[in-house]
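A quick write-up on the structure given underneath.
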Amino acid sequence: MFDTLVWRKVPKPEDLFLILGKCFKEEGWLRPGLTPEGFALLRAAADKTARYEKEYCLHMSEVTLTEIYWRMHSLFNPLTVEEMLADKKKGVFSSDVAPLVQREVAIEKKLMNFEDGIVQLISYAGEQGIPVVLVSDTYFEEQEITEFLGTLTSKFSTFYLSCVYGVSKRKGLFRALLRERTIDPQRILHIGDHPAADFHAARREGIRALHYPKREAKLDEVIEWEWSESLEKRAQLLDSEEGDFGMSAARSKILYHKELSYLPKEERFFWKYGASILGPILLGFIQWIYERTHEMGEGEVFCLMREGDLYIELIKRYAPYYPQHRLKATPLWVSRLFINHASLSSANGNELFLLMKAFLAHFTVE
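Counting from 5, one number per residue, gives the positions in the sequence shown under the working numbering.
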């Protein structure tokens with residue numbers, strides 16, 4: 005389901021725990037002293053602990069979100085019966101973790117978007133009378149999955165969830181499907197993003213499988229490089245409402261655009277670089293230009309040449325998104341060194357030092 009039917013507006017799935025930690029902290033759920041970063045680490049650890057304990061006791065490693073939060077309830081403010089009934093303070097009464105589960109589900113849903121191509125495929129299958137089932141390695145139970153899917157729920161015949169059946173796709177979930185559906189495996193097509201869990205595990209059971217990759221390895225490296233490994237810095241960069249605004253996912257998906265297949269191989273690198281690296285940067289810059297000039301009440305910007313031609317073209321293309329602000333973009337041929345003084349706002353020592361440093365950088369001593 006995740007990274008195939010739906011995608012999250014975060015660079016990595018674990019980043020959702022940082023946003024969740026920030027929300028819990030701001031809303032007053034967490035015990036004093038526990039930071040969002042600390043919560044994120046403990047949330048990931050609780051997942052592993054819950055699986056280990058269940059495997060040890062019941063020989064089942066798949067868990068529900070409720071079982072994960074049972075290992076975490078001590079991280080939250082304890083409530084007395086009176087405080088719980090008054091509903092004026094955020095916290096946990098005894099081992100009732102239902103409010104915590106509901107909060108994570110709400111955050112997850114808010115940061116989730118559907119993959120249009122897969123939704124269209126599901127709808128087409130339904131029109132052709134082909135049953136569609138959802139098979140997922142997940143700690144979300146059927147009620148929570150239904151909440152995520154909304155009206156799309158009716159498109160599925162049934163769900164096969166690892167936390168319900170107690171096994172993952174790699175360890176037997178596909179076998180459970182075949183036992184209950186009594187259908188020739190070759191008449192089933194499974195689509196998923198994980199090479200091992202979705203492609204190879206399905207093929208081992210005789211099921212036809214289509215690998216639907218989430219992200220190219222090279223772009224994965226770029227995104228890892230762009231985002232700090234420091235949880236504190238990542239938390240600062242992630243918006244509590246919109247995560248990374250879907251930029252990581254959008255950049256990943258554009259690299260599978262059909263236009264690429266029409267290009268000569270020697271040109272594909274440049275197309276990908278423009279679409280996934282330069283494109284998002286320039287889009288953000290042009291959007292900032294529109295917003296800044298609108299705030300200042302200005303109707304014209306001067307774009308320094310030679311790359312000014314590119315900015316002028318992008319400003320024109322972006323105009324339909326700002327119909328209320330007519331912005332004229334004019335090329336300006338001028339030496340950057342000559343106009344450096346325009347960058348001075350207070351002419352203090354630091355500004356003058358940076359100005360002279362930039363000026364002297366153009367000279368060398370033999």
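In this text, a Cβ means the ideal position worked out from N, Cα and C, and glycines have one as well.
Per-residue DSSP class, three states only, for E246:
coil
Give the list of continuous beta strand (DSSP E) stretches no shorter than 3 residues that lie fully inside the stretch 243-330.
304-308
Report yes or no: is there a C-beta of chain D within less than 9 Å of the C-beta of K16?
Annotation note: the requested chain D is absent from the structure, which comprises a single protein chain.
Return the bridge partner residues of S140 from the DSSP annotation.
L165
Using the Cβ count rule (16 or more neighbours within 10 Å means buried), how would you classify Y325?
exposed
Between D141 and A201, is the Cβ-Cβ spacing less than 9 Å?
yes
Same chain, Cβ closer than 7 Å to M88, five either side skipped, listed in chain order:
F97
Could you tell me which residues DSSP pairs with A333 in its beta bridges?
V305
Counting Cβ pairs closer than 8 Å, one from the stretch 122-139 and one from the stretch 164-183, do we hit at least three?
yes
Could you name the residues that DSSP lists as bridge partners for A213?
H194
Can you give the Cα-Cα distance for A102 and I195, rounded to whole angstroms?
32 Å
Alpha carbon of P82 to alpha carbon of N117, nearest angstrom
34 Å
Any idea if Y128 is buried or exposed, counting beta-carbon neighbours within 10 angstroms, 16 or more meaning buried?
exposed
Selected residue, minimal CA-CA separation from C307, among M300, L336, E299, K320
L336
On the three-state DSSP scale, how would you describe L181?
helix
If you run the structure through DSSP and keep just helix, strand and coil, what is P82?
strand
Where N117 sits in the DSSP three-state scheme:
strand
For P189 versus R212, is the C-beta spacing smaller than 9 Å?
yes
In terms of DSSP beta bridges, what is V101 paired with?
Paired residue(s): none; V101 is not in a bridge.
Between the alpha carbons of R191 and I134, how many angstroms are there, rounded?
11 Å
Bounding residues of the beta strand (DSSP E) (the contiguous stretch that carries W229)
Note, W229: premise wrong, no beta strand (DSSP E); alpha helix (DSSP H) at 221-230.
Where W11 falls: helix, strand or coil (DSSP)
strand
Nearest-angstrom Cα distance between G121 and P15?
21 Å
Using the rule of at least 16 other Cβ atoms within 10 Å of the residue's Cβ for burial, across every protein chain shown, is K389 buried or exposed?
For residue 389 there is no data in the structure shown, the boundaries of the chain being 5 and 370.
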